[in-house]
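**Q** In our numbering, the protein residues as written are 230 to 662.
Backbone N, C-alpha and C fix where the C-beta goes; we use that ideal spot for every residue, glycine too.
Every value quoted in this text rests on a predicted model; they were computed, and no experiment measured them.
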């Protein structure tokens, strides 16, 4: 006899009611809510970092550029230094605090009209997602057109400044959004948010042909999202403590509002044993914790992992303990939301796969690359602040292998801990043996 789960209930008859709950007005409200909250987070973070002091009223354009990068868009850095000079610059970083805010708001807006439904047709879901995507595309066009600005570089009073004055070199750097990549990747980002929202929400309807996957996918996806959000919550607590006790509150709040997930998810992968390669040179720096900047500020490429960080601060080993507790909690949550018939080895495999995908996402989104350089008659290395480089990238295959091992162990232990915990939607054969 098949179990009576919410997903097994017959789909409601199609009519005007469901369609009316997710029309263009509801789509507009959802998109505007996401845009407004993302803008507020980005604007406050940039304000705390001092971006309001940028010349030529560039602050609103920098906010627009931050929103573009937050949804996967592309910002090109440009330079013009005249005939005798050359400027080079590049920047790749995603402000994940802004990204996470948008994902949560737009995901909730996508799911809200679909509540209390068991099954939804593919055409209905596609139509609702399409309305949101069309409006989001208009938002992306506006952001891409607004995200552009040029700045003049002050060469100072030294040797390079004198040469620049002699030859009339007035170097400029600027940025502008690449419209086509921004539209493509921005829409793909939105589609990813919708897919994750459907995977995570137990109450969201699925097309009938996908219902057989929900028991194996949804509990694991939900557990991973909760794990990442708990990491961010811990980071908020630590950030508030740092702001209150160690001074420089504006800088700390800037990091929290722009890149807190960048820091805490990086720390999570390091606690699993992963290694990131990086280097810091020139005026660039990693905002917090300071030990990351110390490890990476070397002449050559450095390895960022538990061992290298422990050489500067032995407390870094607590990351392993924190990760173990978080993963065990996620495994327990996944098992408790799964059907009773699911075996321990299945929990183990599912958590291993889910954790590997989660770590892969962190590795892809957490990369940082920034460089700039100015040379005049080949003298770009003279004088302070005319050259800098920062990059941070993971050793992906090692990180994924460790994630699989942690997932296998934690998934099995979580299944054992959740053996006596069962919730609604269970299989009726729980008592058979």
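I need the straight-line Cα distance from residue 570 to residue 501, nearest angstrom please.
**A** Each residue's alpha carbon lies about 30 Å from the other.
**Q** Can you give the Cα-Cα distance for residue 372 and residue 335, rounded to whole angstroms?
**A** Roughly 17 Å between the two C-alpha positions.
**Q** Looking at residue 636: is its Cβ nearer than 8 Å to the Cβ of residue 564?
**A** No.
**Q** Roughly how far, in whole angstroms, is the beta-carbon of residue 328 from the beta-carbon of residue 266, given that I think they are within contact range, below 8 Å?
**A** Actually they are not in contact, since the Cβ atoms of residue 328 and residue 266 sit about 12 Å apart, beyond 8 Å.
**Q** Residue 552: buried (16+ other C-beta within 10 angstroms of its C-beta) or exposed?
**A** It counts as buried.
**Q** Is residue 445 helix, strand or coil by DSSP?
**A** Three-state result, residue 445: helix.
**Q** First and last residue of the beta strand (DSSP E) that includes residue 509?
**A** Its beta strand (DSSP E) spans residues 505-510.
**Q** When the Cα of residue 274 is compared with those of 466, 535, 478, which residue comes out closest?
**A** Nearest C-alpha to residue 274: 478.
**Q** Pick from 590, 559, 529, 256: whose alpha carbon is nearest that of residue 579?
**A** Nearest of 590, 559, 529, 256 to residue 579, Cα basis: 559.
**Q** Per DSSP, what kind of secondary structure is residue 289 in: helix, strand or coil?
**A** It is helical.
**Q** Secondary structure at residue 232, three-state DSSP: helix, strand or coil?
**A** Caution applies to residue 232, whose pLDDT of 43 falls short of 50 and renders its modelled position unreliable; the value that the coordinates give is listed next. DSSP places residue 232 in coil when its eight states are reduced to three.
**Q** Would you mind working out which of 339, 588, 325, 535 sits nearest residue 262, comparing C-alpha positions?
**A** The shortest Cα separation from residue 262 among 339, 588, 325, 535 belongs to 339.
**Q** Between the Cα of residue 296 and the Cα atoms of 619, 285, 352, 405, which residue gives the shortest distance?
**A** The candidate whose alpha carbon is nearest that of residue 296 is 405.
**Q** Taking the continuous beta strand (DSSP E) assigned at residue 531, which residues delimit it?
**A** 531-533 is the extent of the beta strand (DSSP E) around residue 531.
**Q** How do the stretch 450-463 and the stretch 359-373 stand: do at least 3 beta-carbon pairs fall below 8 Å, yes or no?
**A** With the cut-off at 8 Å, the stretch 450-463 and the stretch 359-373 do not touch.
**Q** Mind checking residue 533: buried by the 16 CB within 10 Å criterion, or exposed?
**A** Residue 533 should be labelled buried.
**Q** Where does residue 278 fall in DSSP's three states?
**A** Three-state DSSP puts residue 278 in coil, outside helix and strand.
**Q** Would you please state the rounded distance, in angstroms, between the beta carbons of residue 495 and residue 640? I believe it to be under 8 Å.
**A** Their Cβ separation, rounded to whole angstroms, is 23 Å, which puts residue 495 and residue 640 out of contact at 8 Å.
**Q** Compute the beta-carbon to beta-carbon distance between residue 414 and residue 301, rounded to the nearest angstrom, for a pair I have assumed lies under 8 Å.
**A** At roughly 4 Å, the Cβ-Cβ gap stays under 8 Å, so residue 414 and residue 301 are in contact.
**Q** By the DSSP assignment, the alpha helix (DSSP H) with residue 550 in it spans what residues?
**A** Taken as a continuous stretch (DSSP letters only), the alpha helix (DSSP H) holding residue 550 covers 547-565.
**Q** Just checking my contact of residue 303 with residue 407 at CB under 8 Å: how many whole Å lie between their CB atoms?
**A** The Cβ separation is near 4 Å, so the contact holds.
**Q** Buried or exposed: residue 286, going by 16 or more other Cβ atoms within 10 Å of its Cβ?
**A** It is exposed - the Cβ of residue 286 has fewer than 16 other Cβ atoms within 10 Å.
**Q** Since I believe residue 459 is in contact with residue 589 (beta carbons under 8 Å), could you give me their beta-carbon distance rounded to a whole number of angstroms?
**A** Going by Cβ atoms, the distance from residue 589 to residue 459 rounds to 19 Å, so no, they are not a contact pair.
**Q** When the distance is taken between beta carbons, is residue 486 closer than 8 Å to residue 326?
**A** A contact, by the Cβ cut-off of 8 Å.
**Q** Between which two residues does the alpha helix (DSSP H) harbouring residue 490 extend?
**A** Taken as a continuous stretch (DSSP letters only), the alpha helix (DSSP H) holding residue 490 covers 478-500.
**Q** Out of 586, 483, 593, point me to the one whose CA is closest to residue 272's CA.
**A** It is 483 whose Cα lies nearest to the Cα of residue 272.
**Q** Can you give me the start and stop residues for the alpha helix (DSSP H) that residue 587 sits inside?
**A** Here the alpha helix (DSSP H) through residue 587 covers 573-594.
**Q** Going by C-alpha to C-alpha distance, which of 298, 358, 472, 506 sits closest to residue 259?
**A** For residue 259, the nearest C-alpha among the options comes from 358.
**Q** If you reduce the DSSP assignment to three classes, tell me which class residue 663 lands in.
**A** Absent from the structure is residue 663, since the part of the chain shown begins at 230 and ends at 662.
**Q** Does residue 298 pass the burial test, meaning 16 or more other C-beta atoms within 10 Å, or should it be called exposed?
**A** It is buried - the Cβ of residue 298 has at least 16 other Cβ atoms within 10 Å.
**Q** Considering residue 427, what are the terminal residues of the alpha helix (DSSP H) in which it resides?
**A** From DSSP, the alpha helix (DSSP H) with residue 427 extends over 408-429.
**Q** I believe residue 507 touches residue 525 by the beta-carbon criterion, under 8 Å. Please report the beta-carbon distance rounded to the nearest angstrom.
**A** Correct: roughly 5 Å between the Cβ atoms.
**Q** Using a Cβ-Cβ cut-off of 8 Å (strictly less than) and excluding sequence neighbours within five positions of residue 367, which residues of its own chain qualify?
**A** So the list is empty, once near-sequence residues are dropped.
**Q** I'd like to check one pair, residue 510 with residue 618: are the Cβ atoms closer than 8 Å?
**A** Yes. Within cutoff.
**Q** Terminal residues of the continuous alpha helix (DSSP H) containing residue 360?
**A** First-last of the alpha helix (DSSP H) with residue 360: 351-375.
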